[in-house]
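Asks:
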Amino acid sequence: MATQASRIAGRLMLSPVVVLLFLWMIVPLGMTIYFSFLRFNLLMPGTEEFTGFENYSYFFTDPAFWPALVNTLVLVLGVLVITVVGGVALAVLLDQPMWGQGIVRILVIAPFFVMPSVSALVWKNMLMNPVNGLFAALARGLGLEPIDFFADAPLASIIAIVAWQWLPFATLILFTAMQSLDREQMEAAEMDGAGPIWRFVHLTIPHLMRAATVVVLIQTIFLLSVFAEILVTTNGGPGTASTTLTFLVYMQSMLQFDVGLGSAGGIVAVILANIVAIFLMRMIGKNLEA
Amino acid sequence: MGEIVLSEVRKSFGGVSIIQGIDLVIPDGEFVVFVGPSGCGKSTLLRLIAGLEDTSSGTISIDGKDATKLPPAKRSLAMVFQSYALYPHMSVRKNIAFPLRMAGLPAEEQQRKVEAAAKVLNLTPYLDRKPSQLSGGQRQRVAIGRAIVREPAAFLFDEPLSNLDAALRVSMRQEISELHHTLKTTMIYVTHDQVEAMTMADRIVVLNAGRIEQVGSPLELYRSPANLFVAGFIGSPKMNLIEGAEAAKYGAHTLGVRPEHIDIAEDGPWKGLVGLCEHLGSDTFLKVEVEGIGQINVRVGGDVPLRHGARVNLAPQADKLHRFDAGGKAMV
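Those sequence lines, one after another, are chains Y and P.
Numbers 1 to 290, taken from the UniProt record's numbering, label the letters of the first sequence in order.
Numbers 1 to 332, taken from the UniProt record's numbering, label the letters of the second sequence in order.
Below, the structure written as structure tokens:
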């Protein structure tokens with residue numbers, strides 16, 4: 001990219017993709033914003049009219065709004081804590097030399113390949129089912145009363161399922177970072193008299209910070225839009241106990257056919273995601289600077 | 001106090017024997033250099049002394065106490081690594097203080113020792129920087145600082161200068177030598193560079209294929225190499241090793257003569273044709289194709305007006321010849 005001609009050629013060749021990506025983003029966003037200001041119900045075609053911020057005020061005063069907001073944050077934070085802590089622990093374990101290393105590593109990554117709806121069904125019917133589930137059988141074997149997970153602790157159950165799905169991703173990224181940890185640094189610390197715990201705190205943890213930042217940023221984006229797991233297991237219930245913002249938007253536009261209200265919810269979710277992103281970048285983004 | 005005694009130390013990795021029985025006594029305060037080609041086991045031997053690897057058999061004693069089974073931290077040795085191995089997220093101050101902090105010293109004493117070490121190593125202005133903001137030479141000095149604050153029984157250096165450029169290597173070499181004169185602590189230094197070995201060592205240990213080939217002061221090794229390996233390894237440019245009829249004249253299987261011990265003389269017995277001719281100013285290195293012998297390296301003064309293709313007669317200095325028998329051992 002040295003000469004002016006090659007720079008211009010580079011820009012020309014890049015521009016179709018940039019234009020396509022921009023349209024890809026701006027057209028749905030523009031249409032959603034437009035719909036959010038309309039009274040637009042699929043059950044009453046032809047009655048669309050501009051209503052200003054009415055959809056937004058309905059969305060904010062919906063009794064499910066605040067529980068959904070809280071549930072969303074609890075879900076995201078819960079899964080992040082479990083996956084980052086568990087991911088660091090698994091990365092440390094996988095880094096130890098052991099027999100059958102290759103197979104164990106593949107097994108650890110396996111849950112990531114299972115589709116969300118499938119894994120949620122497996123958890124719901126084979127593990128957490130209060131009658132036929134494995135956990136229920138274990139509880140009965142110990143003489144305890146089986147727990148009806150999705151009735152008694154719906155959000156915690158969904159957090160467990162989603163964390164199980166994302167743990168491999170966190171482990172993979174953190175394990176890769178783990179392997180780039182300089183052996184000589186570890187040996188130097190060993191000679192300096194630092195025991196395993198001190199070495200973990202002073203060398204391993206700081207070294208993994210950047211990878212953990214990547215894990216948190218990427219997972220937050222995907223966790224804000226968790227949907228299939230809720231639909232397949234609790235359907236947002238009981239009541240609003242496991243309804244997230246994503247699921248609330250789905251219920252309003254797809255179950256109540258109110259596209260205007262759903263669009264307003266969608267825009268609120270976009271704004272929320274951006275607020276979370278700004279906070280995250282402020283808090284941990286500096287870890288990404290070299 | 002740091003006398004280190006190795007007896008019958010062996011190390012093998014999965015059936016491959018890397019260190020094949022090393023016996024060595026390193027007296028307190030000596031600067032010992034382990035030198036040898038890559039793969040000769042010199043770094044492994046250092047790591048065995050440090051305790052970073054377990055010995056397969058044999059004993060290592062430090063200060064008269066058996067340290068063979070002691071963990072690295074308990075051996076009171078400090079090591080400087082090839083990659084410096086600084087802790088990247090800690091400032092220079094914290095890096096140097098780390099071993100003191102691990103030893104549980106009070107904060108004021110840590111502070112005092114760090115300041116003192118920084119003064120010795122000219123690091124005072126950089127104490128609050130991170131390692132990534134330092135040059136290669138400064139990082140090396142931080143690594144040395146981290147080693148000296150512990151006041152160890154001995155220092156171990158694992159090729160510490162190989163990541164530095166040539167000019168810096170020369171000055172760091174001198175700094176380490178001066179440090180040794182100031183601290184008078186035992187130092188074990190591993191390198192593949194024979195110039196570093198010759199310039200720094202009190203005693204050189206030449207290693208080859210996991211065995212000690214010869215131990216001696218730099219000049220002893222230069223004057224009387226015990227075998228062909230040491231003869232070829234010590235000295236630059238390399239010693240000429242001549243076999244066949246010419247060697248037989250001197251009653252040897254192999255005749256060794258250093259390039260600096262060959263003169264250009266009218267009546268010299270070796271007649272040859274000058275090939276490559278390197279004028280360095282202070283010296284001239286010649287590659288001479290000698291009839292009946294082959295290529296001979298010659299080192300002569302800087303003002304020799306010879307060019308490619310010139311005819312010369314060479315005369316080896318009779319009292320500087322090295323004779324070796326068929327097994328490669330020096331003949332007395």
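For glycine and all other residues, C-beta sits at the position ideal for the given N, C-alpha and C.
Please compile the residues from chain Y whose C-beta is within a distance smaller than 8 Å of the C-beta of M79(P).
Replies: E187, A188 and M191
Asks: Taking a cut of 7 Å between CB atoms, which residues from the region 88-106 of chain P lie near chain Y?
Replies: H89, F98, P99, M102 and A103
Asks: Just checking my contact of D28(P) with G51(P) at CB under 8 Å: how many whole Å lie between their CB atoms?
Replies: Going by Cβ atoms, the distance from D28(P) to G51(P) rounds to 19 Å, so no, they are not a contact pair.
Asks: In chain Y, which residues lie less than 7 Å from S83(P) when you measure between Cβ atoms?
Replies: Under the 7 Å cutoff, chain Y gives D182 and E184.
Asks: Which residues in the same chain have their Cβ closer than 6 Å to the Cβ of R47(P), if we skip the five residues on either side of it in sequence?
Replies: E53
Asks: Using DSSP with H/G/I as helix, E/B as strand and the rest coil, what is G216(P)?
Replies: strand
Asks: Just to make sure I have the definition right: I need the residues of chain Y whose C-beta is within less than 8 Å of the C-beta of P72(P). Which are they?
Replies: For P72(P), the chain Y residues whose C-beta falls within less than 8 Å of its own C-beta are E187, E190 and M191, listed in chain order.
Asks: Kindly say whether L52(P), judged by its beta-carbon, lies nearer than 7 Å to any beta-carbon of chain Y.
Replies: yes
Asks: Below 7 Å between beta carbons: does that hold for F59(Y) and A264(Y)?
Replies: yes
Asks: If you reduce the DSSP assignment to three classes, tell me which class F13(P) lands in.
Replies: strand
Asks: Suppose you measure from the CA of R101(P) to the CA of F13(P); what does that come to, to the nearest Å?
Replies: Rounded to the nearest angstrom, the two C-alpha atoms are 35 Å apart.
Asks: Using C-beta distances below 8 Å, list every residue in its chain close to D128(P), excluding the 5 sequence neighbours before and after it, in chain order.
Replies: S91, V92 and R93
Asks: Alpha carbon to alpha carbon, how far is A151(Y) from N71(Y)? Give it in angstroms, no decimals.
Replies: Taking the straight line joining both Cα atoms gives about 16 Å.
Asks: Based on the DSSP output, what are the partners of L207(P) in its beta bridges?
Replies: I212(P)
Asks: Beta carbon of G275(P), beta carbon of E291(P): below 7 Å?
Replies: no
Asks: Of all Cβ atoms in chain P, is any one closer than 7 Å to the Cβ of P16(Y)?
Replies: Not closer than 7 Å to any Cβ of chain P, the Cβ of P16(Y) fails to qualify, so no.
Asks: Give the list of continuous beta strand (DSSP E) stretches no shorter than 3 residues that lie fully inside the region 88-163 of chain P.
Replies: For secondary structure counted as the beta strand (DSSP E) over 3 or more consecutive residues, the region 88-163 of chain P holds these complete runs in sequence order: 154-158.
Asks: Which residues share a DSSP beta bridge with R140(Y)?
Replies: None, per the DSSP bridge assignment.
Asks: Below 8 Å on C-beta distance, what does L203(Y) contact in chain P?
Replies: Y87
Asks: Could you tell me the distance, in whole angstroms, from the CA atom of I278(Y) to the CA atom of K113(P)?
Replies: 44 Å
Asks: Look at V230(P) and P316(P) and say whether their C-beta atoms are less than 7 Å apart.
Replies: no
Asks: On the three-state DSSP scale, how would you describe D152(Y)?
Replies: helix
Asks: Taking 8 Å as the threshold, find out whether the region 236-254 of chain Y comes into contact with the region 72-80 of chain Y through three or more Cβ pairs.
Replies: yes
Asks: Smallest Cα separation from Y87(P): which of V108(Y), A189(Y), G86(Y) and I82(Y)?
Replies: A189(Y)
Asks: State the beta-bridge partners of N55(Y) as determined by DSSP.
Replies: The partner list for N55(Y) (beta bridge, DSSP) is empty, contrary to what the question assumes.
Asks: Starting from the N-terminal side, write out each stretch of the alpha helix (DSSP H) that is 4 residues or longer and does not extend beyond the region 256-289 of chain P.
Replies: none
Asks: Please confirm if A194(Y) has its CB atom under 7 Å from at least one CB of chain P.
Replies: yes
Asks: For W99(Y), go through chain P and note every residue whose CB falls closer than 8 Å to its CB, in chain order.
Replies: Result: empty, since nearest Cβ-Cβ is about 15 Å, beyond 8 Å.
Asks: Between T61(Y) and M186(Y), what straight-line distance do the alpha-carbon atoms span, to the nearest angstrom?
Replies: 56 Å
Asks: Quick one: any contact between the region 142-162 of chain Y and the region 99-109 of chain Y, if contact means 3 or more CB pairs under 8 Å?
Replies: Because the criterion of three Cβ pairs below 8 Å is not met, the region 142-162 of chain Y and the region 99-109 of chain Y do not touch.
Asks: Confirm, please, whether the CB-CB distance from V259(Y) to F37(Y) is below 7 Å.
Replies: no
Asks: Looking at the unbroken beta strand (DSSP E) that takes in T185(P), where does it start and where does it end?
Replies: That residue, T185(P), is in no beta strand (DSSP E); it is neither H nor E in DSSP.
Asks: Would the beta-carbon of H207(Y) fall within 7 Å of that of L174(Y)?
Replies: no
Asks: Give the single residue among L183(P), K184(P), E8(P) and R139(P) whose Cα lies nearest to the Cα of R169(P).
Replies: R139(P)
Asks: Kindly list, in the order they appear in chain P, the residues whose Cβ is closer than 7 Å to that of P206(Y).
Replies: Correct list: H89.
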